[in-house]
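Residues 334 to 620 in the numbering used here are what the sequence shown lists, from first letter to last. One structure is given here, and the rest of the page talks about it.
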Amino acid sequence: MVNPVPVYRGRLAPSPTGYLHLGHARTFWTAQERARTAGGALVLRNDDLDVARCRPEFAAAMLEDLRWFGFHWDEGPDIGGAGAPYAQSARHELYRAAFATLRAIGLIYPCSCSRRDVQEATAAPHEHGDEALYPSTCRPENLPPDENRRRSCWPRPGVNWRFRVPNGDTIAFADGRLGEQRAVAGRHFGDFLVWRRDDLPSYQLACVVDDAAMRITEVVRGADLIMSTFRQLLLYRALRLAPPAFYHCPLLTDAAGQRLAKRHDALALRTLRDQGLTPDGIRASWA
Ligand code: GLU
């Protein structure tokens, strides 16, 4: 039997922690264009993982703003689909299963360091906007045996869990826009969180589990997430999942060179709409 030609499946994955701004619109538009050009499907996922920061009114505004701008999706929280549910807050069983797999194969370990501990212990500069390189304090080989024994029965909640990256290995992928990308594990990025002490999966873990389960064939997102892509590729490998292709978009900056994400107040899509701007007019300004 001949394998069917894989159908392009793209996604929009906003987090409802605020109103969507021009930067989101630009990246998402590229995602939609690439799905359309390929004759594929577009999935909308509500990345409402962080219960403390996500708000239902932002999730509702997100749908409204996306529709106003001219986005059309084939599957999503409002219309359902084969990959349902499309809100991360309803997908915790899947994340817990992935956590159990990673724990069973010994690729994660509990970490009692606070974010402050990590920042203070890290002298090496890290990529702008990326997290500090974890100094491996809680790696089992750096702890006394009795402490490791004590930790071996630690439960999932109540403590952070980190993925052990293969130090020195080069991770590479061919970006759809930027070409070959490489990073060295342990140098450009370190052991990263997969589960948080407040009993939530990390963005990295949830993103991989969902993109795989939703059979996404290409992830289109901002270039600020390139370092995350290397981490996620390690999770795909560990979980024996086929990774999608990646396409990282340039980030929009304002006249002063500041990233738009930092000032979504002024450039929220609904603010622009209230000022009388139209989606066509906004898109024309990108050309
Ligand atoms: N919800 C994530 C964000 O808004 C998704 C990032 C991604 O596209 O992987 O940053």
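C-beta: ideal position from N, C-alpha, C; glycine also.
#1: Please go through the same chain and pick out, in chain order, the residues whose beta-carbon is closer than 8 Å to the beta-carbon of V498, but skip the five residues on each side of it.
#2: From which residue to which residue does the beta strand (DSSP E) around R424 run?
#3: Indicate whether L427 and V542 have their beta-carbon atoms separated by less than 7 Å.
#4: Pick out every residue whose C-beta is nearer than 6 Å to a heavy atom of ligand 1: which are they, in chain order?
#5: When we look at the beta-carbon of R342 and count the other beta-carbons within 10 Å, is it buried (16 or more) or exposed?
#6: How about the segment 376 to 384 and the segment 570 to 589: do they share at least three Cβ pairs that are nearer than 8 Å?
#7: So, with DSSP's three-state summary, where would you put H581?
#8: Please go through the segment 447 to 527 and give each complete alpha helix (DSSP H) segment of 4 or more residues, from N-terminal end onward.
#9: Can you tell me whether V340 is helix, strand or coil according to DSSP?
#10: Do the segment 468 to 477 and the segment 435 to 450 make contact, defined as three or more Cβ pairs closer than 8 Å?
#11: What is the DSSP secondary structure of A358, counted as helix, strand or coil?
#12: Using the Cα positions of I412 and P612, report the straight-line distance between them to the nearest angstrom.
#13: Looking at chain D, is there any beta carbon in it that lies within less than 7 Å of the beta carbon of R529?
#14: Check each candidate in R548, I559, I549 and D544 and name the one with the smallest Cα separation from A514.
#15: According to DSSP, is C387 helix, strand or coil?
#16: Let me know the secondary structure DSSP gives Y352 once reduced to three states.
#17: Classify I633 as helix, strand or coil using the three-state DSSP reduction.
#18: Taking just the CA atoms, how far does R483 sit from R616?
#19: Quick check on DSSP: helix, strand or coil for P534?
#20: Who are the Cβ neighbours of S485 in its own chain at under 7 Å, not counting the five residues just before and after it?
So, to answer that:
#1: Same-chain partners within the cutoff: A518, G519, F522, G523, D524, F525, R564 and L567.
#2: Per DSSP, R424 belongs to no beta strand (DSSP E) and is neither H nor E.
#3: Going by C-beta atoms, L427 is nearer than 7 Å to V542.
#4: Those satisfying the condition are, in chain order, A346, P347, S348, D380, C540, R554 and L558.
#5: Residue burial annotation: R342 is buried, with at least 16 other C-beta atoms found within 10 angstroms of its C-beta.
#6: No contact exists between the segment 376 to 384 and the segment 570 to 589.
#7: It is a strand residue.
#8: Counting only unbroken stretches of 4 or more residues, the alpha helix (DSSP H) elements lying wholly within the segment 447 to 527 are 448 to 454 and 478 to 484, in sequence order.
#9: Note: V340 maps to coil in three-state DSSP.
#10: With a cut-off of 8 Å on Cβ pairs, the segment 468 to 477 is in contact with the segment 435 to 450, counting three or more such pairs.
#11: In the three-state scheme derived from DSSP, where H, G and I count as helix and E and B as strand, A358 is classed as helix.
#12: About 23 Å.
#13: Absent here is chain D; the protein component of the structure consists of one chain.
#14: In the sequence as displayed, the identity of residue 514 is Gln instead of Ala. Cα-wise, what sits closest to Q514 is I559.
#15: In the displayed model, C387 falls within coil according to three-state DSSP, outside both helix and strand.
#16: Reduced to three states, the DSSP call for Y352 is coil.
#17: Because the chain here runs from 334 to 620, residue 633 falls outside it and cannot be looked at.
#18: Distance between the alpha carbons of R616 and R483: 57 Å.
#19: In the displayed model, P534 falls within a strand according to three-state DSSP.
#20: Excluding residues within five positions, none has a Cβ falling inside 7 Å.
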